[in-house]
Every structure is written in C-alpha cells, then in structure tokens.
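Residue numbers (our numbering), protein chains in the order written: chain A, 84 to 197; chain B, 2 to 114.
For every residue, glycine included, the Cβ atom is placed at its ideal position computed from N, Cα and C.
Structure below.
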C-alpha cells in the first residue's frame, strides 16, 4: 500500500468553525491532491499541489484553502465549515515521474458539519 | 458540468459471468483513462488504465476498451467473482501538468454467488 495517512478519519464539527484535515505521505511523491466524494457526483478535485508551497485550485475550491510546507504534508482547511461541506474527503498522491503514473488514495476522512 | 459520465449507477451479475461497466467522456483533450475500485470505508484503489494511443489493455480478468471516436470506454471483468463487488469509478486525465483526474459518478457492481 502507498504510504498515505489521513487524519482524522472521522470528525463532527459545528457550522462556522474552522477545520483542518491532514494528509501525510512517506513516498516523497511530488503531486498531492484533495478530493471530496458525494453521492451523485463521484470524486471532485478541491485543490492540488505540485511541490512545496506550490498549490492550485480544482473544480470545487470555494470555501477551502490548502498549504504544503513540506513534501510529505498537505493540509486542507475549511475556514468556516458549512453543512454543504459534509462529505468524505480523500487525499491522493502521484509520483510525477515517467509518462504517466496513477494516483494512490488515502483511506478518507468522513466530515460531518452540524 | 460532468466531463466523465457513468450512466449506470448499479449493475448485478452472476458469479462467473462477464461484467461490463461503461463510461463516456466529453472532453476530447483527455488522453489517459483509468478505472478505480472502491470498497466501503476505504479509499479508491487503482485497477487498470489505458492510453489514448491504444484501444485495448488487458490485465488478468480485467480488460479496458477505448473507443475514441465515440468518446466511450468500458471495463470488462471475466469471470466475475463475489470479491469484485464494489463501486467502480472511471477517471480521465490530460497527460500534461498535474494530470488532474476527472471522475465519473461510479457504478456499484454486485456479483451474486
């Protein structure tokens, strides 16, 4: 299994509170991604990183920010959680070497905003 | 706007028979396609992929077919086994930059023993 750890695995938070999800990798991969999975939508890209301090927005970035201060850690922050952000969040990593490399996913974080 | 579509939310197949999962895409710039398998409470796991320069890729019981003119791909599982029961996601990418993956909505496959 690819060395990806997401924390926490489950979280319940109140509307309006800030929340930070952590993704930690031990593979030294260049690319890291945050996705959310919702019924009827599949997985949608929130933000991604192509190196330390290099990040960009995905399809559904509103209300989210990210930071990557070290190769191994990619943080996703909900500045002020809303009920629409209740979802399962997945982190993914990809090496970026060669012609194309598939992404490996973490176990997911189930976030409930009440 | 969903660029990758899986129009069948679910599929049930008898053990030993063929499972065929379908996927359509709209963006002609996509040049790499992947299938992921997902069990409950786990992250998606990579299953098989195909480049746009090919029309078929096979790996054991799994074969992916790509029809570029129709913007359609399919995953064949033969023979289907109960352990194949999972949600299958089709994904597409452009092989430049960060290679972001665009996913379909998934098809839940149930293999009946």
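Beta-carbon proximity list for residue i, same chain, < 8 Å, skipping 5 on both sides
i: residue 19 (chain B); result: 77, 78, 79, 80, 81
i: residue 92 (chain A); result: 190, 191, 192, 193
i: residue 102 (chain B); result: 35, 92, 93, 94
i: residue 63 (chain B); result: 36, 48, 49, 76, 77, 78
i: residue 197 (chain A); result: 95, 96, 97, 98, 166
Three-state secondary structure assigned by DSSP to residue i
i: residue 3 (chain B); result: coil
i: residue 134 (chain A); result: strand
i: residue 75 (chain B); result: strand
i: residue 163 (chain A); result: coil
i: residue 125 (chain A); result: strand
Start-to-end residues for the beta strand (DSSP E) that takes in residue i
i: residue 170 (chain A); result: 170–177
i: residue 90 (chain B); result: 87–94
i: residue 109 (chain A); result: Looking at the DSSP string, residue 109 (chain A) is not in any beta strand (DSSP E), and its letter there is neither H nor E.
i: residue 149 (chain A); result: 147–153
i: residue 94 (chain A); result: 93–96
i: residue 23 (chain B); result: 20–26
i: residue 197 (chain A); result: Careful: residue 197 (chain A) lies outside any beta strand (DSSP E) and carries neither H nor E.
i: residue 112 (chain B); result: 108–113
i: residue 14 (chain B); result: 11–15
i: residue 88 (chain A); result: 87–90
Neighbour flag for residue i against chain E, beta carbons, 8 Å
i: residue 35 (chain B); result: Among the protein chains in the structure shown, which are A and B, there is no chain E.
Chain-ordered chain A contacts of residue i [CB-CB under 7 Å]
i: residue 64 (chain B); result: None at all; the shortest Cβ gap to chain A is about 17 Å.
i: residue 105 (chain B); result: 125
i: residue 90 (chain B); result: 125, 126
Listed by chain order, chain B residues near residue i by CB distance under 7 Å
i: residue 190 (chain A); result: 43, 44
i: residue 185 (chain A); result: 35, 47, 50
Same chain, Cβ closer than 7 Å to residue i, five either side skipped, listed in chain order
i: residue 90 (chain A); result: 105
i: residue 96 (chain B); result: 32, 33
Neighbour list for residue i in chain B, Cβ cutoff strictly below 8 Å
i: residue 104 (chain A); result: Here the premise fails: no neighbours, minimum Cβ distance about 14 Å.
6 Å CB neighbourhood of residue i in its chain, flanking five on each side removed
i: residue 149 (chain A); result: 130, 138, 159
i: residue 178 (chain A); result: 112, 184
i: residue 188 (chain A); result: 173, 175
i: residue 142 (chain A); result: 127, 128
Restricting to runs no shorter than 3 residues, where is the beta strand (DSSP E) found entirely within the stretch 31–63 of chain B? 33–39, 46–52, 57–60
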